[in-house]
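Data block below; observations after.
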Amino acid sequence: MLTHLDCTKCDRRYDPGQRLNLCECGAPLYPRYDLERAAREMRPGHLALREPTMWRYEEVLPVADPEDRISLGEGFTPLVAASRLGALLGLPRLLVKDEGNNPTGSFKARGLSMAVSMARVLGATDVCLPSAGNAGSALAAYAAAAGLKAHVFLPRDIASLFVAETRAYGAHVETVDGLITDAGRVCAEQAREHGWFECATLKEPYRVEGKKTLGYELAEQLSWSLPDAILYPTGGGTGLVGMWKAFEELEQMGFIGPDRPRMYAVQAEGCAPIVKAFAEGLDEAPLWEGAETHAHGIRVPKALADFLILRALRASHGAGVAVSEEEILQGLGDACATAGLFMAPEGAACVAAARKLKAGGDLAPEDRVVVFNTGTGYKYVENLVQAGWNPAAG
Ligand SMILES: Cc1ncc(COP(=O)(O)O)c(C=O)c1O
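Under the numbering used here, the first residue of the sequence shown is numbered 107, with each subsequent residue one higher.
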């Protein structure tokens, strides 16, 4: 029931039957649906009987024919009531959405399952993106399952496991000096030269549709209510803007009312362009120079969707929060020791941010707070050791 694609910045509208990246004006495109029809078919009682993957929301997803889904079982991850961690942070109603349970170990599986499915439907043979690690391995895995060729561009200093895993799925992998923005430049040049379809964050319209299922799942897992606050580790921000889109769609379909959670974009002190732009009242976030953090997924100096992220933070009465490398390690240690969750450092950053927001009075003990653990910590051991992690020290 995909009807068309809308530009997120201007009033251009596109037919979805073509392989598109950005709008002519350079902004991301959002898929739109016949939500009246979706509301009739996607009743809560029907949903309860469906498969426990993100595809249970098929009426509001772009892949029309179930045969065209490239699925490894992504989504419908647990919303863990982390009561000991909550008690430690003074937030007894804390919940952790644990995305480490996805295929390839991160929430990137959602977006790349969707993007690769659509790329294949629309006739692509080669797909490419720059990545901090998780998106690359997810693209490679789904491309392998789809029979497409993946090309992945990674910063040279990422943990070696990501490179090995991505190559194991049969992808062409290049490591690039610098950050994800540098990898993105090389990727875009090669895509132009070879005619590959670019799947960089929000540079094609469908990854966000996979990520938006995070919002649908939260609402369904909380019996069609939303939490008071959501803490999301923000690099390109696809999950944050995806959830925001999901909440709008859910309201239009009558599943929820107008209340929204306060959305908090969590970043590292060494790379906090959104936090800075939010604090300065800007509508877009200038490039962050000299980005540095061991949480490589949020080492993103410039986000294409910065204006959408900032808009959601302000409309929800949320904020940007920056945490230090030490606070991230502390968050990881706390999550391991009190929740049994070996989080990715990006997830650990959200634990650290929860502590900070509670101390500053932005989060109250009665708040139902959802912290996103966006990936498994297993792939990051190298980064963590480099950052000074020493689990033996307790
Ligand atoms: C584990 C993890 N968390 C968070 C992010 C940031 O995600 P987004 O680009 O949607 O903000 C990434 C991106 O690489 C990641 O790998």
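For every residue, glycine included, the Cβ atom is placed at its ideal position computed from N, Cα and C.
Over the uninterrupted beta strand (DSSP E) stretch that includes residue i, give me the two end residues.
i           : result
residue 268 : It is not in any beta strand (DSSP E) - residue 268 instead sits in the alpha helix (DSSP H) that spans 266 to 274.
residue 234 : 232 to 236
residue 479 : 475 to 479
residue 204 : 201 to 204
On a CA-only basis, which of the options is nearest residue i? Give me that one, please.
i           : options               : result
residue 330 : 251, 366 and 157      : 366
residue 142 : 375, 412, 429 and 355 : 355
residue 261 : 192, 289, 276 and 186 : 289
residue 309 : 396, 299, 293 and 282 : 293
residue 121 : 239, 132 and 107      : 107
residue 208 : 402, 177 and 494      : 177
residue 424 : 148, 338, 273 and 198 : 338
residue 179 : 487, 216 and 152      : 216
residue 283 : 238, 117 and 124      : 238
residue 210 : 230, 250 and 172      : 250
residue 402 : 146, 151, 230 and 236 : 236
residue 171 : 195, 151 and 224      : 224
Cβ of residue i less than 8 Å from any chain C Cβ?
i           : result
residue 368 : Judged by its chain identifiers, the structure shown contains no chain C, having just a single protein chain.
Over the uninterrupted alpha helix (DSSP H) stretch that includes residue i, give me the two end residues.
i           : result
residue 436 : 431 to 445
residue 384 : 379 to 385
residue 226 : 214 to 227
residue 286 : 286 to 300
residue 150 : 150 to 153
residue 456 : 451 to 465
residue 322 : 313 to 327
residue 255 : Per DSSP, residue 255 belongs to no alpha helix (DSSP H); it is in the beta strand (DSSP E), 255 to 261.
residue 344 : 344 to 358
How many whole angstroms separate the CB atoms of residue i and residue j, which I take to be in contact at a CB cut-off of 8 Å?
i           : j           : result
residue 312 : residue 220 : 5 Å
residue 206 : residue 200 : Contact flag wrong, Cβ pair sits at about 17 Å.
residue 344 : residue 381 : About 18 Å; that fails the 8 Å criterion.
Considering only the beta carbon of each residue, do residue i and residue j sit closer than 8 Å?
i           : j           : result
residue 252 : residue 279 : no
residue 202 : residue 477 : yes
residue 342 : residue 258 : no
residue 454 : residue 441 : yes
residue 134 : residue 126 : no
residue 377 : residue 296 : no
residue 475 : residue 334 : yes
residue 374 : residue 383 : no
message = Check whether the segment 444 to 456 and the segment 473 to 483 touch, using three or more Cβ-Cβ pairs below 8 Å as the test.
response = yes
message = Does the structure place the segment 159 to 173 close enough to the segment 307 to 320 that three or more beta carbon pairs sit under 8 Å?
response = yes
ask   = Does the pairing of the segment 336 to 352 with the segment 410 to 423 give three or more beta-carbon distances under 8 Å?
value = yes
message = Using a Cβ distance threshold of 8 Å, determine whether the segment 236 to 253 contacts the segment 460 to 469, with at least three qualifying pairs required.
response = no
task = Tell me, please, whether the segment 396 to 403 touches the segment 429 to 440 by the rule of three or more beta-carbon pairs shorter than 8 Å.
result = yes
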